[in-house]
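> Take 37 as the starting number for the sequence shown in this note's numbering and just add one per residue. One structure, pasted below without further comment.
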Amino acid sequence: MATTISDSLALVAGGTGGLGRAVSVAFLQAGAKVCVTYRKQEELDALRQAAGAHDSGLEGYPVDVTDEHSVHHLVDTIVERHGHLDVLVNTVGGYVGGIKLWELEPKIFDQMLALNLRSAYALSRAVVPVMWQQRKGAIVNVAAKAALQHAAGEAAYAASKAAAVAMIDSLAADLAGSGVRVNTVLPSIIDTAANRTAMPKADFAKWPRPADIARVIVFLCSEDASVIHGAAIPVYGGG
Ligand SMILES: NC(=O)c1ccc[n+]([C@@H]2O[C@H](COP(=O)([O-])OP(=O)(O)OC[C@H]3O[C@@H](n4cnc5c(N)ncnc54)[C@H](OP(=O)(O)O)[C@@H]3O)[C@@H](O)[C@H]2O)c1
37 MATTISDSLA LVAGGTGGLG RAVSVAFLQA GAKVCVTYRK QEELDALRQA AGAHDSGLEG
97 YPVDVTDEHS VHHLVDTIVE RHGHLDVLVN TVGGYVGGIK LWELEPKIFD QMLALNLRSA
157 YALSRAVVPV MWQQRKGAIV NVAAKAALQH AAGEAAYAAS KAAAVAMIDS LAADLAGSGV
217 RVNTVLPSII DTAANRTAMP KADFAKWPRP ADIARVIVFL CSEDASVIHG AAIPVYGGG
């Protein structure tokens with residue numbers, strides 16, 4: 037069982053995405069082995085490229101993390117292969133905004149709950165028993181500033197992120213004294229390629245970069261953060 041990040045096995049769900057890729061690379065650079073879920077082969081290839089010399093520590097699994105059966109199978113496979121699982125970071129999520137609640141289709145509402153809440157439930161449900169048995173582990177779920185500040189047109193997104201914060205907070209209480217720590221980070225707009233394309237006139241310098249948030253997540257999973265449990269940490273940047 038790992039005692040430092042460099043000995044750790046980390047599962048990064050959505051680990052090829054805008055933030056996920058930076059999180060995966062940060063763990064790899066810290067010496068951890070990293071298993072990512074991915075959906076598109078080209079995104080996994082891009083992550084391998086970004087990992088450079090560290091790519092031998094990377095494994096990709098094409099898994100829908102909103103599907104409980106698939107997530108259990110994934111975690112069983114990882115534990116069978118490596119014998120331990122020390123870190124879970126969930127970066128899977130989705131955004132829908134600019135739609136008033138009464139115009140919001142039930143399908144979209146369900147999709148927000150699936151991506152932003154059910155993903156964290158399914159992943160935690162599969163991973164926590166492994167960590168509980170190890171008496172050691174760290175989980176970080178990525179929610180959003182919108183969990184606390186509920187703008188117009190974001191009812192489903194804000195509700196799903198707020199529910200994820202509450203769920204992880206309750207999980208932290210479940211795990212008190214277990215050696216397994218659970219925390220949430222709350223990004224505002226991140227400087228991803230997708231956001232630059234969607235908001236070309238914005239001042240990108242004001243947005244935190246994925247690598248800056250990734251460093252906070254690695255810290256939260258490290259021994260240096262052993263006293264941080266049940267926190268929801270804003271990572272808005274100073275802009
Ligand atoms: N970007 C922001 O400004 C911002 C702000 C606040 C909070 N956040 C939160 O931060 C997290 C990361 O955001 P991001 O911008 O990095 O998002 P992203 O680029 O869309 O990355 C999410 C990754 O998860 C994958 N994914 C989607 N559904 C999945 C599923 N059912 N099973 C497995 N993987 C799935 C996506 O694949 P596909 O590409 O194939 O969909 C993508 O690779 C999310 O929770 C998001 O809500 C982001």
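Positions of the beta carbon are idealized from the N, C-alpha and C atoms, including for glycine. If you're wondering where the values come from, they're calculated on a predicted model, not measured in any experiment.
When the Cβ atoms of the segment 119-135 are set against those of the segment 149-162, are three or more pairs found closer than 8 angstroms?
In short, these stretches touch, since the Cβ pair count reaches three.
> Just to check my reading of the structure: residue 266 and residue 227 have Cβ atoms closer than 8 angstroms, yes? What is that Cβ distance to the nearest angstrom?
Reading the sequence shown from its first residue, position 230 is the one you call residue 266. Reading the sequence shown from its first residue, position 191 is the one you call residue 227. About 28 angstroms separates the two Cβ atoms, so there is no contact after all.
> Comparing alpha-carbon positions, which option in 194, 143, 208 lies nearest residue 157?
The residue labelled residue 157 in the question sits at position 121 within the sequence shown. Of the listed residues, the one whose Cα sits closest to residue 157 is 208.
> Just how far apart, CA to CA, sit residue 139 and residue 187?
Locating residue 139 in the sequence shown gives position 103, where the first residue counts as 1. Locating residue 187 in the sequence shown gives position 151, where the first residue counts as 1. Rounded to the nearest angstrom, the two C-alpha atoms are 16 angstroms apart.
> Span of the alpha helix (DSSP H) holding residue 141?
Indexing the sequence shown from 1 puts residue 141 at position 105. Residue 141 -> no alpha helix (DSSP H), and no H or E assigned at all.
> Taking Cβ to Cβ, would you say residue 54 is nearer than 8 angstroms to residue 230?
In the sequence shown, counting from the first residue as 1, residue 54 sits at position 18. In the sequence shown, counting from the first residue as 1, residue 230 sits at position 194. Going by C-beta atoms, residue 54 is nearer than 8 angstroms to residue 230.
> Could you compute how far the alpha carbon of residue 47 sits from the alpha carbon of residue 179?
Counted from its first residue, the sequence shown places residue 47 at position 11. Counted from its first residue, the sequence shown places residue 179 at position 143. Rounded to whole angstroms, residue 47 to residue 179 spans 17 angstroms at the Cα level.
> Grouping DSSP H, G and I as helix and E and B as strand, with all else coil, what is residue 270?
The residue given as residue 270 occupies position 234 in the sequence shown. Of the three classes helix, strand and coil, the one that applies to residue 270 here is strand, per DSSP.
> Can you name, in chain order, every residue of its own chain whose Cβ lies under 8 angstroms from the Cβ of residue 82, other than the five neighbours on each side?
Counting from 1 along the sequence shown, the entry for residue 82 is found at position 46. The residues are 52, 57.
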